[in-house]
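Shown next, in structure tokens, is the structure this report addresses.
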Amino acid sequence: ALVVCWSVLYILVDSIITTVLYTHGSQPSIFLDDALHFNILRSVLDLWGTVLLRASLLLGASIGVSRNKEEGPLRVAKLTTFILFLCMVVITYALAKMLMLTEMEPLSHQPWFLSLIGWTCASSFLEEGQKKGKGTKSGSGATLGRLLSYCKKDGGLLSVAVFFLLISALCEAFIPFYYGKAIDGIVVHQSMGYFAKPVITLAALALVSSLAIGIRGGVFTLIMARLNLRLRSHLFRTLMRQEIAFFDENHTGDIISRLSADTTQVSDLISQNINIFLRSGIKGVGFIIFMLGMSWKLTMVAVMGFPFIALVSKVYGKYYKKLSKEVQTTLAEANKIAEETMSAMRTVRSFANETGESDSYCSKLSAMFQINKKQALAYACYMWSSCISELALEVAILYYGGHLVIAGQISSGTLISFFIYMLELGECLGEIASVYTGLMQGVGAAEKVFEYLDRKPKHPADGTEAPDTCTGLVEFKDITFAYPTRPETDILQGVSFALQPGEVTALVGPSGSGKSSCVSLLENFYLPQQGQVLLDGKPVNTFQHTYLHSKVALVSQEPVLFARTVKENITYGLTGVPMEAVVQAAIKANAHDFISALPKGYDTSVGEKGTQLSGGQKQRVAIARALIRNPTVLLLDEATSALDAESEHMVQQALNNIMQDHTVLVIAHRLSTVEKADNIIVIDGGRVVEQGTHSHLMATSRLYSKMVQRQVLEMYYLHKQTSTNTSDTSNS
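With the first letter of the sequence shown counted as 1, position 28 gets the number 45 in my numbering; the numbers rise by one all the way through.
Shown next, in the form of structure tokens:
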């Protein structure tokens, strides 16, 4: 109801002002005279009639929005382009009417007439703005404003760039004027003196302008690089704060695409287009001032055509923004396939699936190419319509300008200067229109970047506890847990157990029973749906992030090493670690000997993901990385299961050396790793089904006993098969 009231009030004000201006303040008889003897060449009753068009559009939109608050704004938003078109038609018609009447005869009441023309144009703009307000607000402006906020720190550089931009624009604004002067010097004055002076001035203006353009371009390039740096670093820091579930839900290729391709596109397009917009905008204002000074009538003709060219650019820019987002999405999918394939090239090669991966990647590129074809078609239509509009405008100006020259109102040199200004202004407006398209493309990529930047971690690492001592008592109390990617499946159900300080506790059970999930909860990677994981009686999520992971260290089944030196991998996440501590950790991990034998010792690069080291060597480096933190709680998640017998022996020997100094949680299948544990916890189906020492559990003849017996039988048959093969070989 409030929207309708405001609309009715605006319509009343519009009607009153238009009527007062039309009747010259106090001559209502004009209505009757114009209605009975209407002549489009003498009457302005048609201008008064535009108020009826504005009233019907505004009132209709207001009533529609008030009656249907959910779909009404969306429907009005879809009509924005049509409404803008109608407003442009009204404004163009008003300006054409003004030129037509001024040509026919002097106006007896010019102030009233010019005021009516001005109000008709202004109210049409106001109405278009009000109608846009009825629809949903576009986020493009807010996104662009947010992007520009990243340039605040470059205010000094921007000032320098704008200063030289003003110099170049001012010089270029005077150039067409002196072209006209030079032509008048030849045609009108027929004197070399009148001709040489503007030519010399033109040369000086061109020299200063070129220097200013070079400096301006260099500064804007520097600003672009700084924007890219700032945007990427901010995004990377934001990604580092996200919870582990975020990386489970989003593919690495998508994240890398946002971090690299999207940020680069944003910084390039935004910086480049802002440069173009400022340059063209300032030049355009200068050109319009000169054009008004030469002939306000010709300027009105030019003004009538430019809004339609801008409208075409708006429609094209909106469509191009949509296509741009689709391109970014498809490119991210292609990057996802490429990243997966390159990181798992050994697997791809071993299954001879190079062709399959190539086909998958090319299919995504083909999908992107289909969108590119739509972009090309849209661009072709846009260029065709823009060129036709500009050509029609040039013909109109040339025709009307010739009429003014013949009538003696302007000189031929003035017409040529005006025409050059008009062409230059058209180029400026064309660049501004392309800026809109480019900005929409950049905004499309920026919205994808801001989607990550605005994401708040669902499980923030914002604990504050950092006690001076940590005994290492770990308690799982009535834990129920499901992964965020599979919320309907409970991995753990009512799990409760404790790890006593200084003891070795083993978790055993069938695959998929929830053993590794317990480790993830203790590492505070996830929050349980029910229950708590406690360290020294406090929930693990209440500890400071750095404190918790200095007291709890993990050695996983597949350790991840970075493409750095051995020393950098061992001290990962730490600073200022003396070399003696690195060597000591390596000795405890049984890794010092093989590290010393490497070409550069501790300064040897391990390759991407540690590919230059064997599985056992990588595992021992990972153990050294855990030990150098001197953790209170040590988590060993299948630390030897993927190794051969010799490597397993070396790693197991390292583990035996360190277990007595920490609270240790071991997850393992092999009997040799588990049987010496102080406490063995058996998990099956997400529940604790039994616990105790090895001898106690063997006496119960339940799940643990059956698992051990099965493993012993497997070892027996394997040993028997090996002996048979050896005997056959000897006999042959």
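We put the CB at the ideal spot given by N, CA and C, even for glycine.
Beta carbon of residue i nearer than 7 Å to that of residue j
{"i": "L714", "j": "L516", "result": "no"}
{"i": "T109", "j": "M439", "result": "no"}
{"i": "V460", "j": "T218", "result": "no"}
{"i": "V318", "j": "A413", "result": "yes"}
{"i": "D271", "j": "A462", "result": "no"}
{"i": "V572", "j": "L630", "result": "no"}
{"i": "S227", "j": "C445", "result": "no"}
{"i": "T680", "j": "P518", "result": "yes"}
{"i": "V550", "j": "L565", "result": "no"}
{"i": "A178", "j": "V225", "result": "no"}
{"i": "M241", "j": "F435", "result": "no"}
{"i": "A186", "j": "I305", "result": "no"}
{"i": "R637", "j": "A608", "result": "yes"}
{"i": "G480", "j": "N558", "result": "yes"}
{"i": "L175", "j": "G301", "result": "no"}
{"i": "F194", "j": "F307", "result": "yes"}
{"i": "D51", "j": "L38", "result": "no"}
Distance, residue j Cα to residue i Cα
{"i": "S375", "j": "A384", "result": "14 Å"}
{"i": "E411", "j": "D265", "result": "59 Å"}
{"i": "A409", "j": "A349", "result": "43 Å"}
{"i": "G709", "j": "V583", "result": "39 Å"}
{"i": "T153", "j": "K335", "result": "With a pLDDT of 40 at T153, under the threshold of 50, the modelled position of this residue cannot be trusted; read the value that follows with caution. So the alpha carbons of these two residues sit roughly 15 Å apart."}
{"i": "N586", "j": "R642", "result": "7 Å"}
{"i": "L183", "j": "V332", "result": "30 Å"}
{"i": "L552", "j": "I640", "result": "22 Å"}
{"i": "S60", "j": "L103", "result": "22 Å"}
{"i": "A570", "j": "Y337", "result": "50 Å"}
{"i": "I33", "j": "L118", "result": "24 Å"}
{"i": "V365", "j": "T621", "result": "28 Å"}
{"i": "P616", "j": "P477", "result": "42 Å"}
{"i": "E343", "j": "T563", "result": "40 Å"}
{"i": "F325", "j": "A361", "result": "54 Å"}
{"i": "S402", "j": "V329", "result": "8 Å"}
{"i": "M209", "j": "F180", "result": "36 Å"}
{"i": "Q670", "j": "K555", "result": "33 Å"}
{"i": "L244", "j": "V600", "result": "42 Å"}
{"i": "T238", "j": "A602", "result": "48 Å"}
{"i": "S451", "j": "Q289", "result": "11 Å"}
{"i": "G548", "j": "V512", "result": "9 Å"}
{"i": "S46", "j": "M115", "result": "22 Å"}
{"i": "L382", "j": "G373", "result": "14 Å"}
{"i": "E371", "j": "E260", "result": "34 Å"}
Whole-number beta carbon distance between residue j and residue i, since they are thought to touch under 8 Å
{"i": "L509", "j": "S537", "result": "Going by Cβ atoms, the distance from L509 to S537 rounds to 10 Å, so no, they are not a contact pair."}
{"i": "F560", "j": "E492", "result": "Contact flag wrong, Cβ pair sits at about 14 Å."}
{"i": "L578", "j": "A606", "result": "Not a contact, Cβ separation roughly 13 Å."}
{"i": "L315", "j": "Y417", "result": "6 Å"}
{"i": "E407", "j": "I293", "result": "Between I293 and E407 the Cβ distance is about 18 Å, and since that is not below 8 Å, they are no contact."}
{"i": "S284", "j": "L256", "result": "No, S284 and L256 are not in contact; Cβ-Cβ is about 18 Å, not under 8 Å."}
{"i": "E655", "j": "I684", "result": "6 Å"}
{"i": "L754", "j": "I200", "result": "The requested residue 754 does not occur in the structure, where the chain is confined to residues 18 to 749."}
{"i": "V691", "j": "G489", "result": "That pair is no contact at about 20 Å."}
{"i": "R275", "j": "L246", "result": "Not quite, the Cβ-Cβ distance comes to about 16 Å (not below 8 Å), so this is no contact."}
Neighbourhood of residue i by C-beta distance below 7 Å, restricted to the same chain and skipping five residues each side
{"i": "I28", "result": "A72, L75, L76"}
{"i": "Q546", "result": "T497, F498, A499"}
{"i": "F514", "result": "F493, I698, V705, Q708"}
{"i": "K635", "result": "P576, L578, G627"}
{"i": "Q345", "result": "D279, G461, A462, K465"}
{"i": "R646", "result": "S567, A570"}
{"i": "D495", "result": "G511, S513, Q547, G548"}
{"i": "G303", "result": "A186, L187, A190"}
Proximal residues to residue i (C-beta, below 6 Å), its chain only, five neighbours per side dropped
{"i": "S341", "result": "Q458, G461"}
{"i": "L164", "result": "I287, A463"}
{"i": "L112", "result": "M317, M321"}
{"i": "R727", "result": "none"}
{"i": "F263", "result": "none"}
{"i": "R258", "result": "P474"}
Chain-order list of residues whose beta-carbon lies under 8 Å from that of residue i (same chain, five-residue window excluded)
{"i": "L286", "result": "G455, L456, Q458, G459, A462"}
{"i": "Y378", "result": "A351, I354, A355, T358"}
{"i": "K693", "result": "V521, H711"}
{"i": "Y196", "result": "P215, L219, I433, S434, I437"}
{"i": "E505", "result": "A499"}
Residue i Cβ short of 6 Å to the ligand COA heavy atom set
{"i": "E585", "result": "Annotation note on the ligand COA: not contained in the displayed structure, which lists no ligands."}
Tell me, please, whether the segment 690-703 touches the segment 522-529 by the rule of three or more beta-carbon pairs shorter than 8 Å. yes
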